[in-house]
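Q:
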Amino acid sequence: MTAPLDPTPKPTGAIALDTLDLTKRFGTFTALDHVSLKVVPGTVHALLGENGAGKSTLVKCVVGYQRAEEGSVLIDGREHDIATPVIARDLGIGMVYQHFTLVPGMTVAENLLLARGHIPAVVDWPAVRKELAAFLDTTPFKLDLDATPQQLSAGQKQKLEILKQLLLKPRLLILDEPTSVLTPQEADEVLGLLRDRAHAGECSIVLITHKFREVNAYADDVSVLRRGRLVAAHRVSQTSAQQLATDMVGGGADDAKREFSAPERAVREAGPERLKVSKLTVDGDRGQIAVDDLSLTVRGGEIVGVAGVAGNGQRELLEALVGQRRISTGEVHIGNERFHATRAQNFRLKVRSLPEEPLRNACVGELSVADNMGMRRFDRAPVSRLGWMHAGQLRERARALIEQFGVKTRGELAPIRSLSGGNVQRAVLARELSEEADVLIVANPVFGLDFAAVAEIHQRLMDVRNRGGAVLLISEDLDELLALSDRVLVMSEGRIVHETRAADADRNVLGAHMGGGHHAATEAEAVAA
Ligand SMILES: Nc1ncnc2c1ncn2[C@@H]1O[C@H](COP(=O)(O)OP(=O)(O)OP(=O)(O)O)[C@@H](O)[C@H]1O
Ligand SMILES: [Mg+2]
Numbered sequence: 253m254t255a256p257l258d259p260t261p262k263p264t265g266a267i268a269l270d271t272l273d274l275t276k277r278f279g280t281f282t283a284l285d286h287v288s289l290k291v292v293p294g295t296v297h298a299l300l301g302e303n304g305a306g307k308s309t310l311v312k313c314v315v316g317y318q319r320a321e322e323g324s325v326l327i328d329g330r331e332h333d334i335a336t337p338v339i340a341r342d343l344g345i346g347m348v349y350q351h352f353t354l355v356p357g358m359t360v361a362e363n364l365l366l367a368r369g370h371i372p373a374v375v376d377w378p379a380v381r382k383e384l385a386a387f388l389d390t391t392p393f394k395l396d397l398d399a400t401p402q403q404l405s406a407g408q409k410q411k412l413e414i415l416k417q418l419l420l421k422p423r424l425l426i427l428d429e430p431t432s433v434l435t436p437q438e439a440d441e442v443l444g445l446l447r448d449r450a451h452a453g454e455c456s457i458v459l460i461t462h463k464f465r466e467v468n469a470y471a472d473d474v475s476v477l478r479r480g481r482l483v484a485a486h487r488v489s490q491t492s493a494q495q496l497a498t499d500m501v502g503g504g505a506d507d508a509k510r511e512f513s514a515p516e517r518a519v520r521e522a523g524p525e526r527l528k529v530s531k532l533t534v535d536g537d538r539g540q541i542a543v544d545d546l547s548l549t550v551r552g553g554e555i556v557g558v559a560g561v562a563g564n565g566q567r568e569l570l571e572a573l574v575g576q577r578r579i580s581t582g583e584v585h586i587g588n589e590r591f592h593a594t595r596a597q598n599f600r601l602k603v604r605s606l607p608e609e610p611l612r613n614a615c616v617g618e619l620s621v622a623d624n625m626g627m628r629r630f631d632r633a634p635v636s637r638l639g640w641m642h643a644g645q646l647r648e649r650a651r652a653l654i655e656q657f658g659v660k661t662r663g664e665l666a667p668i669r670s671l672s673g674g675n676v677q678r679a680v681l682a683r684e685l686s687e688e689a690d691v692l693i694v695a696n697p698v699f700g701l702d703f704a705a706v707a708e709i710h711q712r713l714m715d716v717r718n719r720g721g722a723v724l725l726i727s728e729d730l731d732e733l734l735a736l737s738d739r740v741l742v743m744s745e746g747r748i749v750h751e752t753r754a755a756d757a758d759r760n761v762l763g764a765h766m767g768g769g770h771h772a773a774t775e776a777e778a779v780a781a
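Residue numbers (the numbering used here): 253 to 781.
#1: Answer yes or no: do VAL311 and ILE460 have a C-beta to C-beta separation smaller than 9 angstroms?
#2: For PRO524, count the other beta carbons within 10 Å of its own beta carbon; 16 or more makes it buried, fewer makes it exposed. Which is it?
#3: Please give the ranges of any alpha helix (DSSP H) in the region 571 to 636, keeping only runs that are unbroken, at least 4 residues long and fully inside the region.
#4: Output the residues surrounding ligand 2, defined as those with a CB atom closer than 7 angstroms to any ligand heavy atom, in chain order.
#5: Scan the region 462 to 537 and note each continuous beta strand (DSSP E) run of 3 residues or more that stays entirely inside, going in chain order.
#6: Verify the contact flag: ARG651, CB atom, against every heavy atom of ligand 1, threshold strictly below 8 angstroms.
#7: Please tell me whether LEU601 and GLU589 are closer than 9 angstroms, where the distance is taken between their beta carbons.
#8: Mark ARG662 as exposed unless 16 or more other C-beta atoms lie within 10 angstroms of its C-beta, in which case mark it buried.
#9: Sort out for me which residues DSSP pairs ILE327 with in a bridge.
#10: Starting from the Cα of LYS382, find the closest Cα among ASP270, ALA361, SER547 and give me that residue.
#11: Would you decide whether GLU511 is buried or exposed? Buried here means 16 or more other CB atoms lie within 10 Å of its CB.
#12: Just confirm the distance between the C-beta atoms of GLU416 and ASN363, as a whole number of angstroms; I'd bet it's less than 8 angstroms.
#13: Can you look up MET714 in the DSSP assignment and give me helix, strand or coil?
#14: Three or more beta-carbon pairs under 8 angstroms between the region 440 to 451 and the region 273 to 280, yes or no?
#15: Just to check, is the beta-carbon of SER288 closer than 8 angstroms to a non-hydrogen atom of ligand 1?
#16: Helix, strand or coil for MET347 per DSSP?
#17: Measure the beta-carbon distance from PRO607 to ALA695 and round it to whole angstroms, keeping in mind my assumption that it falls under 8 angstroms.
#18: Would you mind working out which of LEU299, LEU418, GLU454, GLN576 sits nearest LYS463, comparing C-alpha positions?
#19: Using 8 angstroms for Cβ pairs, my map puts ALA340 next to VAL374. What's the rounded Cβ distance?
#20: Give the straight-line distance between the Cα atoms of LEU532 and ALA379, rounded to the nearest whole angstrom.
#21: Report the rounded CA-to-CA distance for ALA772 versus MET766, giving the unit in angstroms.
#22: Helix, strand or coil for ASP738 per DSSP?
#23: Can we count ALA497 as close to ligand 1, meaning its CB is less than 8 angstroms from some heavy atom?
#24: Below 9 angstroms between beta carbons: does that hold for GLY746 and LEU546?
#25: Alpha carbon to alpha carbon, how far is LEU681 from PHE393? Give it in angstroms, no decimals.
#26: How should THR356 be labelled, buried or exposed, when 16 other C-beta atoms within 10 angstroms of its C-beta is the threshold for buried?
#27: Determine the closest residue to TYR349 out of ILE426, LEU685, THR400, with distance taken between C-alpha atoms.
#28: Have a look at the DSSP bridge pairing and note the partners of SER456.
#29: Per DSSP, which one or two residues make a beta bridge with MET743?
#30: Closer than 8 angstroms by C-beta to GLN318: which residues in its own chain qualify, once you throw out the five before and the five after it? Chain order, please.
#31: Please give me, in chain order, every unbroken run of the beta strand (DSSP E) with length at least 3 that falls completely inside the region 275 to 305.
#32: When the Cα of ALA305 is compared with those of ASP440, VAL698, ARG478, ALA559, which residue comes out closest?
#33: Pull up the distance between the alpha-carbon of ARG551 and that of ARG526, whole angstroms please.
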């Protein structure tokens, strides 16, 4: 029986990674077309590209999760046939996947141990816990070893995924959009840690991201994929965000400019109250109070942003509002009607929503894109009449939405989990935003979207507001909140602790309230008094 934590970790040392003419096909579709990527040891190498460009496919081929049809993978200049992720792990290659891989029924501690591929039958838990706690101390992350993944926010899950890999002392660590669910401060912590380890020569890092800020601040080199081809490779110090945007979308400088344009906000008075939350209390997964006597209102023609550090009750608030979590006390009204988030009410009152992790929370992965797009309305005419579904109409409507929202899929009958991460998000947004919304409840809506899609979705959210809809936007991204909101609320420990008009908002003040510091609270009270 081996000890769960290896007392003599393998020697570390950064790996040189080269792919030579890597080509990957799915049926007749070429996802990777002769890609030759070069990662210098001890560097942070960023990989950029639009949704569906092939980024995840490329790194999955490197770690043996998928097999390329042609080409080779070189580790320190030697060709290796990496047929499975286990072989990759033995070579010292770790990967943090775009979708979470945590085991729901296991604790944080057990999930950490599982990184080795197995948990021994006999575990000396006191010793292991001590070692894990000591390991956690070498990182800037704080995690409760006894929590289970359901109890963690998306950001905390992401940190756990990264810790799982760091525990193995990888020589090459690949991270597929690790910062999508992190606040900018958390992203800085994570990326700073990874860069330091790389520059110390312990490992090489491949970082997939959509954020130019992160490339600029943390990467040494950057490669860009477009439609399965490697179209550019630069030293970060010798390129610009504008250049990278142009590389990503190909030539069209107009497309590239979209990133730099803010959504168009129509000048309008806020209308009557549409969404009213009164003294809402909601329990968390462990029976603790997650949402604490919270009240808020959103008027028609208004976007109300909810800022906050992950884990302060935002997830539970959203789940309660969309009917996925029991409300302990308090009420929700849409207009004058008491709201219970039933299908019938959602339909009649035109309430739409987008939860976090849509592939898990808003889709059925095995079903087709068309079925998933139809989910909200498959019992509504014209798609259904006399009680059965008209598959033809369902498909036709799906095709129209795919076109309209630019979802990259091989067709409306492809299972939704075969789509790239950003395209799953687009498909769900297409479903939720395709019909007039009177009330829209969204959390982190642009998680994992490339810059062009971010601009487009932001504009669509703004359009709902401009047409008089009420939008509640829960987000961990202050930039997003300030760009879109009319009013910003700060949520801390289950309560709204601060409110301001977005136009008057001061980041430092918001940050202080988000930190939930006693100082900030007393200051706010002083102002209120
Ligand atoms: N298992 C699969 N079966 C069929 N097609 C697939 C499969 N995996 C990926 N694809 C297709 O390959 C293309 C590249 O997908 P990939 O996931 O690599 O994109 P990506 O660059 O990571 O995008 P994103 O930024 O949205 O995560 C997409 O068009 C996708 O639909
Ligand atoms: Mg991807």
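Using N, Cα and C, we set each Cβ at its ideal position, and we do this for glycine too.
A: Straight from the coordinates:
#1: Yes, the pair counts as a contact, with Cβ atoms nearer than the cut-off.
#2: Label assigned to PRO524: exposed.
#3: Scanning the region 571 to 636 from its first residue to its last, the whole alpha helix (DSSP H) runs of 4-plus residues come out as 595 to 601, 610 to 613, 621 to 626.
#4: Each of LYS307, SER308, GLN350, ASP428, GLU429, ILE460, SER672, GLY673, GLY674 has a C-beta closer than 7 angstroms to some heavy atom of ligand 2; these make up the full list, in chain order.
#5: Taking only runs of at least 3 residues, the beta strand (DSSP E) segments lying wholly in the region 462 to 537 are 473 to 478, 481 to 487, 525 to 535.
#6: No, since every heavy atom of ligand 1 falls outside the 8 angstroms radius drawn around the Cβ of ARG651.
#7: Against a cut-off of 9 angstroms, the Cβ pair of GLU589 and LEU601 comes out as a contact.
#8: ARG662 comes out exposed.
#9: BP columns for ILE327 point to LEU269, ARG330.
#10: Taking only the C-alpha atoms, the option nearest LYS382 is ALA361.
#11: Model confidence at GLU511 stands at a pLDDT of 49, short of 50, so the residue's coordinates are unreliable and nothing is read from them.
#12: The sequence given here has Lys at residue 416, not Glu. That pair is a contact at about 7 angstroms.
#13: Helix, per DSSP.
#14: Not touching, per the Cβ criterion.
#15: Not under cutoff, so the answer is no.
#16: In the three-state scheme derived from DSSP, where H, G and I count as helix and E and B as strand, MET347 is classed as strand.
#17: The Cβ separation is near 6 angstroms, so the contact holds.
#18: Of the residues LEU299, LEU418, GLU454, GLN576, the one whose Cα lies closest to the Cα of LYS463 is LEU299.
#19: With a Cβ gap of about 28 angstroms, ALA340 and VAL374 do not count as contacting.
#20: Approximately 43 angstroms, taken between the alpha carbons.
#21: Since pLDDT at ALA772 reaches only 39, below the 50 mark, its modelled position is unreliable, and the value read off the structure follows with that caveat. Taking the straight line joining both Cα atoms gives about 9 angstroms.
#22: Correct three-state label for ASP738: coil.
#23: Outside the cutoff, so no.
#24: Pairing GLY746 with LEU546 gives a Cβ-Cβ distance under 9 angstroms.
#25: Between PHE393 and LEU681, the C-alpha separation is close to 32 angstroms.
#26: Correcting the residue identity first, residue 356 is Pro in this sequence and not Thr. Per the 10 Å Cβ criterion, exposed.
#27: When only C-alpha atoms are compared, the closest one is ILE426.
#28: SER456 pairs with LEU424.
#29: Paired residues: ILE748.
#30: Sequence-distant Cβ neighbours of GLN318 in its own chain, meaning closer than 8 angstroms and more than five residues away, are LYS276, THR309, LYS312.
#31: You should have 281 to 287, 296 to 300.
#32: Distances from the alpha-carbon of ALA305 to those of ASP440, VAL698, ARG478, ALA559 put ARG478 closest.
#33: Counting only the Cα atoms, ARG526 lies some 5 angstroms from ARG551.
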